[in-house]
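Engineer:
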Amino acid sequence: MKLSASARAVAAGAVATAMLLTGGAVADAASAPPRPAAAPDIPLAGVKAHLSQLQSIATANGGNRAHGRAGYKASIDHIKAKLDAAGYTTTVQQFTASGRTGYNLIADWPGGDANQVVMAGSHLDSVSSGPGINDNGSGSAAVLETALAVSRAQYKPTKHLRFAWWGAEELGLVGSRHYVSRLATGDRSRISAYLNFDMIGSPNPGYFVYDDDPAIEKTFKEYFSGLGVPTEIETEGDGRSDHAPFKSAGVPVGGLFTGASRTKTAAQAAKWGGTAGRAFDRCYHSSCDTTANIDDTALDRNSDAVAYAVWELSQ
1 MKLSASARAV AAGAVATAML LTGGAVADAA SAPPRPAAAP DIPLAGVKAH LSQLQSIATA
61 NGGNRAHGRA GYKASIDHIK AKLDAAGYTT TVQQFTASGR TGYNLIADWP GGDANQVVMA
121 GSHLDSVSSG PGINDNGSGS AAVLETALAV SRAQYKPTKH LRFAWWGAEE LGLVGSRHYV
181 SRLATGDRSR ISAYLNFDMI GSPNPGYFVY DDDPAIEKTF KEYFSGLGVP TEIETEGDGR
241 SDHAPFKSAG VPVGGLFTGA SRTKTAAQAA KWGGTAGRAF DRCYHSSCDT TANIDDTALD
301 RNSDAVAYAV WELSQ
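With full-length UniProt numbering, letter number 5 in the sequence shown gets 5, and the count goes up by one each step, no holes.
#1: Would D289 pass as a contact of D135 if the rule is Cβ separation under 7 Å?
#2: Please report how far the alpha carbon of V127 lies from the alpha carbon of S98, in whole angstroms.
#3: Which residues in the same chain have their Cβ closer than 7 Å to the Cβ of T263, if we skip the five residues on either side of it in sequence?
#4: Just verifying my parser: in three-state terms, what is the DSSP assignment at T59?
#5: With distance defined between alpha-carbon atoms, name the residue in T235, A244, Q116 nearest to S192.
#6: Drop a sphere of 10 angstroms on the beta-carbon of R177, count the other beta-carbons inside from all chains shown, and report buried for 16 or more, exposed for fewer.
#7: Buried or exposed: P110, going by 16 or more other Cβ atoms within 10 Å of its Cβ?
#8: Near R162, which residues of its chain fall below 6 Å by C-beta distance, leaving aside the five closest residues on each side in sequence?
#9: Residue range of the beta strand (DSSP E) that V92 falls in?
#10: I'd like to know whether the C-beta atoms of F246 and Y194 end up nearer to each other than 7 Å.
#11: Could you tell me which of V150, A168, F208 sits nearest to R65, measuring between CA atoms?
#12: Rounded to a whole number of angstroms, what is the C-alpha to C-alpha distance between G68 and G102?
#13: D213 and H123: beta carbons closer than 7 Å?
#14: Return the CA-CA distance between A39 and Y308, expressed in angstroms with no decimal places.
#15: Using beta-carbon positions only, say whether T90 and K80 come within less than 7 Å of one another.
#16: Using a Cβ-Cβ cut-off of 6 Å (strictly less than) and excluding sequence neighbours within five positions of A86, which residues of its own chain qualify?
#17: Report the three-state DSSP secondary structure of F220 (helix, strand or coil).
#18: Counting C-beta neighbours from all protein chains within 10 Å, is the total for P252 16 or more, i.e. buried, or is it exposed?
#19: Return the CA-CA distance between E232 and L183, expressed in angstroms with no decimal places.
Written out as structure tokens, the structure reads:
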């Protein structure tokens with residue numbers, strides 16, 4: 001059907017108006033700031049595969065991965081190889097404690113503002129009496145899988161990302177104290193956040209958040225709130241893990257914990273499940289701290305929380 005002159009004029013005006021509106025929308029979209037990258041889901045299977053490897057290392061080396069023992073060095077070598085293959089710049093830092101050589105492993109992801117460093121770390125050593133799968137293979141494996149997720153995503157954070165695995169924590173935070181003490185004052189001030197993960201898969205778990213830096217604490221609480229999981233302030237291990245040297249040096253710190261030898265109360269069992277009147281981890285510092293000593297749900301939730309905080313705080 002052929003349009004009349006007046007109809008053609010009306011149609012042309014409508015098209016022009018639509019183009020103006022569409023063009024404006026395109027311009028608005030082009031000028032809008034980019035949306036922050038979302039943290040990926042951390043695969044539980046990947047985290048558990050790392051725990052199985054740490055268990056195998058302990059089994060092959062006298063049943064433990066303790067400071068100064070062959071099992072600890074094998075654990076360092078295993079994690080370093082994975083990070084090297086993923087494109088990280090890795091550094092092994094040596095120190096001496098109780099007459100034995102210890103090792104910290106530091107892994108830097110290329111890029112990001114070197115004046116704003118976000119660190120995530122965990123201690124890799126076990127006690128001599130067991131393989132240390134919850135304490136602290138759980139934190140070490142979650143941090144490793146998060147670091148590998150950064151590589152898989154080819155993530156380009158605004159801030160610089162650094163991951164760490166500490167030695168000789170069980171002897172009194174020796175490895176992390178050594179690292180912090182060797183940092184120049186300027187290097188300490190460049191660390192905008194240190195996130196610590198020590199025992200995050202306890203078999204009768206609680207969900208505890210460190211009550212330290214408010215912004216970091218808020219980040220973790222927001223994550224768990226999104227899952228509908230209530231949290232409590234962490235008090236059992238306060239000052240007893242590797243965040244303590246950073247906090248003493250003025251670095252903002254935070255972290256997660258699922259409980260050790262303290263007993264779960266009836267109120268805690270009501271909101272988290274599990275068994276009231278039983279320790280959060282009955283195998284704490286014992287030979288039974290094996291791959292059987294892990295709650296998969298707690299490990300999965302906390303591993304995802306590691307990645308969530310790393311992504312949120314590095315943008």
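Virtual Cβ for every residue (Gly too), placed ideally from N, Cα, C. Since we're looking at a predicted model, the values are computed, not measured.
Structural biologist: Concretely, from the data shown:
#1: yes
#2: 14 Å
#3: G277, R278, A279
#4: helix
#5: Q116
#6: buried
#7: exposed
#8: D108, V117, M119
#9: 89-97
#10: yes
#11: A168
#12: 6 Å
#13: no
#14: 5 Å
#15: yes
#16: L148, S151
#17: helix
#18: buried
#19: 33 Å
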